[in-house]
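Below is one structure; the comments refer to it alone.
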Amino acid sequence: MANEESGLFGLKYSNRDFTEEDNWGKNQFNSSFPAALACYMDSKNINPVYLKLGSEDSSLKVYKDYITVRNLFRIPEDKTIDDVYYEFEGLYEPHNELDRSLLRSDLVIKSLTDGEEPPEYYSHHEVKLTAIPDSATYHKDEVQYGSEIVIRTVSIIHLAINIVEIYKHDKLSLERLLNPVTDRITDWTDEYTLLELLPDMIYTLNSILSANLDKQSPLIMNPVWKTKGKTPALEDNCLDMFVWSDFALTRLFIDSINVNRTKIDRYSRALVWLLYLLHQSTFNDRIDSSKIYTMPFHNQTDKAFASNGNKTNPYMRSNELLTPRIKREEIANIVLGGGQKMLSPERRFDAAISASTDIFEEE
113 MANEESGLFG LKYSNRDFTE EDNWGKNQFN SSFPAALACY MDSKNINPVY LKLGSEDSSL
173 KVYKDYITVR NLFRIPEDKT IDDVYYEFEG LYEPHNELDR SLLRSDLVIK SLTDGEEPPE
233 YYSHHEVKLT AIPDSATYHK DEVQYGSEIV IRTVSIIHLA INIVEIYKHD KLSLERLLNP
293 VTDRITDWTD EYTLLELLPD MIYTLNSILS ANLDKQSPLI MNPVWKTKGK TPALEDNCLD
353 MFVWSDFALT RLFIDSINVN RTKIDRYSRA LVWLLYLLHQ STFNDRIDSS KIYTMPFHNQ
413 TDKAFASNGN KTNPYMRSNE LLTPRIKREE IANIVLGGGQ KMLSPERRFD AAISASTDIF
473 EEE
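So the number in my numbering is just where the residue sits in the sequence shown, counting from 1, plus 112.
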């Protein structure tokens, strides 16, 4: 429609006004578009791929399943997907009852409210819009393409609080599971002791997860966009949605831990942070997640860790990764009313040189 206002599919109620150019910046679009993609997939009865943790022969591994968008967003049966409010960079209040740090989530799904009654909170998500293939896999066979995912420190905190919620009314059981490790730690910055305990810490976390596999929940929305090799040109089948459960997220760092290392790296640090926060919860009504920022172990604390396509492909390998289900031309059904004209992609010097082929033409 010629007079249609700019917007994104399905995001009727939101704290971002998509008729305003300020809400189309890179940082905003990278979380807004995935929410709209989920709504569009729901309208087409296409369920996101759900990566969740399961048990096989006494070991934990990531399994591929599917999840409806309604269940992803935890929308009550008496509501429709049109009846919810999409709050970006929002506070998920149920978690703030368990943590003093007033955490924000990339996307919070909650009920509409007239302002007089508090909203009902449905779900919270970290959002990771990633490209396939990444720089580590573009030269491989297509079936081995993968995307790099960067996990923020706050994602580990949300994971911890999800587990804390499970044991909110049974802290003693959590304490008993943790005690074989936590009783041997007097200083959570003592690297030598922590390195010695890494195998036991992995066992302890796996025990907690194994006892609660039926309680895992979707945490990370990980839409992928597929290009022709490492060029920016989109494949005809270019978009799909993967969702990581909170428990499946643990495999990204647990499976990468080398227990023979002489230093705590980013992967083992994520495990230390997680168990530290769980331990805090056993003797406090509210944890103080900001404390983990004082436990850097040789690395910056702005992100927990990153996993490139070589590491993510084994978990995500599927028909949907090889041939995403949403086609290139369908983007026009998601980005509405000329919204694409308000996008402001980064200007990069290497991209400018690559596009300026005339510079290198021989006379």
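Beta carbons: idealized from backbone N, C-alpha and C, even for Gly. Please read all numbers here as calculations on a predicted model, not as lab measurements.
C-beta contact flag for residue 420 and residue 232 at 8 angstroms: Counting from 1 along the sequence shown, the entry for residue 420 is found at position 308. Counting from 1 along the sequence shown, the entry for residue 232 is found at position 120. Contact: no.
C-alpha distance - residue 395 paired with residue 357, whole-angstrom precision: Numbered from its first residue, the sequence shown carries residue 395 at position 283. Numbered from its first residue, the sequence shown carries residue 357 at position 245. The alpha-carbon of residue 395 is positioned some 27 angstroms away from that of residue 357.
Hey, is the stretch 371 to 391 in contact with the stretch 401 to 409, meaning 3+ C-beta pairs nearer than 8 angstroms? Short answer: they touch.
Can you give the Cα-Cα distance for residue 250 and residue 342, rounded to whole angstroms? In the sequence shown, the residue the question calls residue 250 occupies position 138. In the sequence shown, the residue the question calls residue 342 occupies position 230. Approximately 6 angstroms between the Cα atoms of the pair.
From residue 192 to residue 277, what distance separates their C-alpha atoms? Taking the sequence shown and counting its residues from 1, the one referred to as residue 192 is at position 80. Taking the sequence shown and counting its residues from 1, the one referred to as residue 277 is at position 165. Rounded to the nearest whole angstrom, the CA to CA distance from residue 192 to residue 277 is 26 angstroms.
Grab me the residues of residue 186's own chain with a C-beta within less than 6 angstroms of its C-beta, minus the 5 sequence neighbours each way, in chain order. Against the sequence shown, residue 186 aligns to sequence position 74. If you ignore the 5 residues before and after residue 186, its C-beta comes within less than 6 angstroms of the C-beta of 234 and 235, all in its own chain and listed in chain order.
DSSP state of residue 345 mapped onto helix, strand, coil: Mapped onto the sequence shown, residue 345 falls at position 233. Residue state for residue 345 is assigned as coil, using DSSP reduced to three classes.
Can you tell me which of the three DSSP states residue 113 falls into? The sequence position of residue 113 within the sequence shown is 1, counting from 1. Confidence at residue 113 is low in this model, with a pLDDT of 47, below 50, so its placement is unreliable and no value can be given for it.
Tell me whether the beta-carbon of residue 293 lies closer than 8 angstroms to the beta-carbon of residue 307. Taking the sequence shown and counting its residues from 1, one reaches residue 293 at position 181. Taking the sequence shown and counting its residues from 1, one reaches residue 307 at position 195. Not a contact, by the Cβ cut-off of 8 angstroms.
Around the C-beta of residue 374, are 16 or more other C-beta atoms found within 10 angstroms, so that it is buried, or is it exposed? Taking the first residue of the sequence shown as 1, we reach residue 374 at position 262. Residue 374 comes out exposed.
Contact between the stretch 153 to 165 and the stretch 354 to 371 is defined here as three or more beta-carbon pairs at a separation below 8 angstroms; is this criterion met? Taking one beta carbon from each stretch, the stretch 153 to 165 and the stretch 354 to 371 have 3 or more pairs nearer than 8 angstroms; the two touch.
DSSP bridge partner residues for residue 330 (one or two, in chain order): To locate residue 330, count along the sequence shown from 1; it is residue 218. 357, per the DSSP bridge assignment.
Boundaries (first-last residue) of the alpha helix (DSSP H) holding residue 141: Position 29 of the sequence shown holds residue 141. If you look at residue 141, you'll find it in the alpha helix (DSSP H) that goes 138 to 155.
Buried versus exposed call for residue 228 [16 or more other C-beta atoms within 10 Å across all chains shown]: Sequence index remark: in the sequence shown, residue 228 carries index 116 (1-based). Residue 228 is classed as exposed because its beta carbon has fewer than 16 other beta carbons within 10 Å across all chains shown.
Would a C-beta distance cut-off of 8 angstroms place residue 454 and residue 143 closer than the cut-off? Start at 1 with the first residue of the sequence shown, and residue 454 comes out as number 342. Start at 1 with the first residue of the sequence shown, and residue 143 comes out as number 31. For the pair residue 454 and residue 143, the CB atoms are not nearer than the 8 angstroms cut-off.
What do you get for residue 338, buried or exposed, if any count of 16 or more other CB atoms within 10 angstroms of its CB means buried? For the purposes of this step, residue 338 is identified with residue 226 of the sequence shown, where counting begins at 1. Its Cβ being crowded by 16 or more others within 10 Å, residue 338 is buried.
Identify every residue that forms a DSSP beta bridge with residue 161. If you number the sequence shown from 1, residue 161 lands on position 49. Looking at the DSSP assignment, residue 161 forms a beta bridge with 178 and 354.
Name the DSSP bridge partner or partners of residue 417? For this step, residue 417 is matched to residue 305 along the sequence shown. 263, per the DSSP bridge assignment.
Sorted by chain position, which residues of the same chain lie with C-beta nearer than 7 angstroms to residue 113's C-beta, five sequence neighbours on each side aside? The residue you call residue 113 lines up with position 1 of the sequence shown. Here the model assigns residue 113 a pLDDT of 47, short of 50, so the residue's position is not dependable, and the following value carries that caveat. Closer than 7 angstroms at the Cβ level, and outside the excluded window around residue 113, lies no residue.
Residue 174 classed as buried or exposed, judged by whether at least 16 other C-beta atoms fall within 10 angstroms: Mapped onto the sequence shown, residue 174 falls at position 62. Per the 10 Å Cβ criterion, buried.
What residues in its chain sit with their C-beta under 7 angstroms from that of residue 53, if we drop five residues either side in the sequence? An answer regarding residue 53 cannot be provided, because it is not within the stretch 113 to 475 covered by the chain.
Limits of the unbroken alpha helix (DSSP H) element including residue 382: As a first step, residue 382 must be located in the sequence shown, where it is residue number 270. Following the DSSP letters along the chain, one finds residue 382 inside the alpha helix (DSSP H) bounded by residues 378 to 393.
Near residue 300, which residues of its chain fall below 8 angstroms by C-beta distance, leaving aside the five closest residues on each side in sequence? As a working mapping, residue 300 is identified with position 188 in the sequence shown. Within the same chain, Cβ atoms closer than 8 angstroms to the Cβ of residue 300 are found at 306, 384, 388 and 407, the five residues on either side in sequence being excluded.
Any contact of the stretch 252 to 259 with the stretch 421 to 441, i.e. 3+ C-beta pairs under 8 angstroms? Taking a cut-off of 8 angstroms on C-beta distances, the stretch 252 to 259 touches the stretch 421 to 441, as three or more cross pairs fall below it.
What residue does the alpha helix (DSSP H) around residue 304 start on, and which one ends it? As a working note, residue 304 is residue 192 in the sequence shown. Here the alpha helix (DSSP H) through residue 304 covers 303 to 322.
Secondary structure of residue 281, DSSP reduced to three states: As a position in the sequence shown, residue 281 is number 169, starting the count at 1. Here residue 281 carries a coil assignment [DSSP, helix/strand/coil].
Could you tell me which of 393, 470, 461 and 365 sits nearest to residue 418, measuring between CA atoms? The residue you call residue 418 lines up with position 306 of the sequence shown. The closest CA to that of residue 418, considering only 393, 470, 461 and 365, is found on 365.
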